[in-house]
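Written out below as structure tokens is the structure these notes cover.
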Amino acid sequence: MTWTDERVETLKRMWAEGQSASQIAKELGGVTRNAVIGKVHRLGLSNRNAAGETAKPKEEQPDTSARQAEAPAKAEASEAAASPAPEKAAAEPAAAAPAAQPARKHVPGQPLPPQPSANEISPEALAKASEAEKLARRISLMELTERTCKWPLGDPATDDFYFCGLAALPGKPYCEAHTALAYQPMSARRDRKR
DNA sequence: CCCTGATTCGC
DNA sequence: GCGAATCAGG
22 MTWTDERVET
32 LKRMWAEGQS
42 ASQIAKELGG
52 VTRNAVIGKV
62 HRLGLSNRNA
72 AGETAKPKEE
82 QPDTSARQAE
92 APAKAEASEA
102 AASPAPEKAA
112 AEPAAAAPAA
122 QPARKHVPGQ
132 PLPPQPSANE
142 ISPEALAKAS
152 EAEKLARRIS
162 LMELTERTCK
172 WPLGDPATDD
182 FYFCGLAALP
192 GKPYCEAHTA
202 LAYQPMSARR
212 DRKR
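So, in structure tokens, the structure goes:
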């Protein structure tokens, strides 16, 4: 496969959009993510903001000769587009936070109710979910992938929070058990009215 | 183990 | 210029 103008264009566009190298490679086809990354570097558009990765400090090569002309940080101004989240500053000084919430008192002894409104869900689904919880890998946010169950477990307000992490159903965000909880068939919750 | 980008270096 | 192998890390 060669880097035709069109392919390079797609590469640039997707890279600018924040797509990962593997995603771009998948889209282009015929190339690996390594090829994409290599090309990205050769094109001089490496650092993309908010990539989530760390730049490799690495050791400076003792080689004195100018071997790599560092790309002069192009002005890739056109970012945006994909930032609907206004980033609420969590830095709320002191002061205030008056009658914000009734403050969920967290009595250590009293387990909080499960996050989903587990009430009108088929007993079978609940049973499966319970079992899944026992086997949950208890992974962190960073460890979530398209193939891990993203069902939250525990209390986000405490350290005892993690994600199920079991093998997710292809195309689904959750494992089998949690998919059953998340996607209740209409027939199942119908007639239960409220 | 899944994934991410970065770098190196023979081709 | 290209990209697999490898590295470094989440």
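Each residue of the first sequence is one higher than the last, beginning at 22 in the numbering used here.
The beta carbon of each residue, even a glycine, is placed where N, CA and C say it ideally should be.
1. Please report how far the alpha carbon of Pro173 lies from the alpha carbon of Gly192, in whole angstroms.
2. Using CA coordinates, which residue listed in Cys170, Leu64, Met22 is at the minimum distance from Arg34?
3. Is the Cβ-Cβ distance between Ala198 and Glu152 less than 8 Å?
4. Going by C-alpha distance, which of Ile45, Gln40, Glu38, Ser41 is nearest Arg28?
5. Compute the Euclidean distance between the alpha carbons of Trp24 and Thr200, then round it to the nearest angstrom.
6. Could you tell me if Thr179 is buried or exposed, where buried requires 16 or more neighbouring beta carbons within 10 angstroms of its beta carbon?
7. Is the beta carbon of Phe182 within less than 7 Å of some heavy atom of the ligand ADP?
8. Short of 7 Å in beta carbon distance, which residues of its chain neighbour Gln131, apart from the five on each side in sequence? Order them along the chain.
9. Provide the residue(s) that pair with Gly175 in DSSP beta bridges, ordered along the chain.
10. Helix, strand or coil, according to DSSP, for Ala188 in the structure here?
11. With 16 as the cutoff for other CB atoms within 10 Å, does Thr169 come out buried or exposed?
12. For Pro123 and Tyr183, what's the separation of their Cα atoms in angstroms?
13. To the nearest whole angstrom, what separates the beta carbons of Arg54 and Ala37, a pair I think is in contact under 8 Å?
14. Taking only three categories from DSSP, how would you classify Thr169?
15. Which residues bound the alpha helix (DSSP H) around Ser43?
16. So, using beta-carbon positions, are Leu187 and Leu165 closer together than 8 Å?
Put simply:
1. 18 Å
2. Leu64
3. yes
4. Ile45
5. 41 Å
6. exposed
7. Among the ligands in the structure shown, none appear at all, so the ligand ADP cannot be discussed.
8. Low confidence applies here, because Gln131 scores a pLDDT of 45, under 50, leaving its location unreliable; read the following figure in that light. Excluding residues within five positions, none has a Cβ falling inside 7 Å.
9. Phe182
10. strand
11. buried
12. Note that Pro123 scores a pLDDT of 42, beneath 50, so its modelled location is shaky; the value from the coordinates is reported in the next line. About 25 Å.
13. Going by Cβ atoms, the distance from Arg54 to Ala37 rounds to 17 Å, so no, they are not a contact pair.
14. Strand, per DSSP.
15. For Ser43, the uninterrupted alpha helix (DSSP H) run begins and ends at 42 to 49, by DSSP.
16. no
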